[in-house]
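S.K.: This is the structure I want to talk about, given as structure tokens.
In the working numbering, the protein residues as written are 12 to 196.
The following block contains the structure:
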């Protein structure tokens, strides 16, 4: 049975609360299926410390944790890692045995990712978003073309809110990644 998944992408700079406290609120109000811990500008050690705390919280609420960028931390935690396609391709040997989600920005990148045996693709950005200020969204047709061309799960990202999430779901995408929606609850 097809289940459209909700993915919370973190950004501690978008919330007025400490990230851990924000995630407790997110889980209580609008429990996502997955959390991608996407905390930029942290050293690997700082990220590891945060990831261990967030993993305990995710386990408590039965939410899947995905580690962004730091594949060694993902391996330690026994979880998935999420990388941009170029980082994935540069580190593919080091990722052996890990579940990997890859971010793509074109149909060609999505096809390359699938051919490399990634576990899922994050396609974006679909709509205009403050995270990519000044860049127009790639649109729902872009997402639909990827969903139709690859056989791995495809998740949409970029400007997805309560007003357009149904349109995203109508493409057959496996889910939607949202940052502002969750970080500003």
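Cβ atoms here follow ideal geometry from the backbone N, Cα and C, with glycine treated the same way.
1. Can the beta-carbon of residue 1 be found closer than 8 Å to that of residue 14?
2. When you compare only the Cα positions, how much space is there between residue 193 and residue 152?
3. Under a Cβ-count criterion, where at least 16 other Cβ atoms within 10 Å of its own Cβ denotes burial, should residue 31 be classed as buried or exposed?
4. So, with DSSP's three-state summary, where would you put residue 17?
5. In terms of residues, what are the limits of the beta strand (DSSP E) holding residue 115?
6. To the nearest angstrom, how far is the alpha carbon of residue 38 from that of residue 147?
7. Please report the Cβ distance between residue 94 and residue 115, rounded to the nearest whole angstrom; I am assuming they are in contact, meaning their Cβ atoms lie under 8 Å.
8. Between the alpha carbons of residue 140 and residue 149, how many angstroms are there, rounded?
9. If you run the structure through DSSP and keep just helix, strand and coil, what is residue 131?
10. For residue 18 versus residue 188, is the C-beta distance shorter than 8 Å?
11. In this structure, what does DSSP give as the bridge partners for residue 186?
12. For residue 91 and residue 65, which I take to be in contact (beta-carbon distance under 8 Å), what is that distance rounded to the nearest angstrom?
13. Taking the beta carbon of residue 54 as the centre, do at least 16 other beta carbons fall within 10 Å, making it buried, or is it exposed?
14. On the three-state DSSP scale, how would you describe residue 146?
15. Please classify residue 120: is it buried, with 16 or more other beta-carbons within 10 angstroms of its beta-carbon, or exposed?
16. Among 129, 88, 41 and 61, whose alpha-carbon lies nearest the alpha-carbon of residue 166?
M.R.: If we stick to the structure as given:
1. In this structure the chain extends from 12 to 196, so residue 1 is not present and cannot be described.
2. 25 Å
3. exposed
4. strand
5. 111 to 115
6. 31 Å
7. Rounded, the Cβ-Cβ distance is 11 Å, inconsistent with contact.
8. 11 Å
9. strand
10. yes
11. 16 and 166
12. No, residue 91 and residue 65 are not in contact; Cβ-Cβ is about 14 Å, not under 8 Å.
13. exposed
14. coil
15. buried
16. 129
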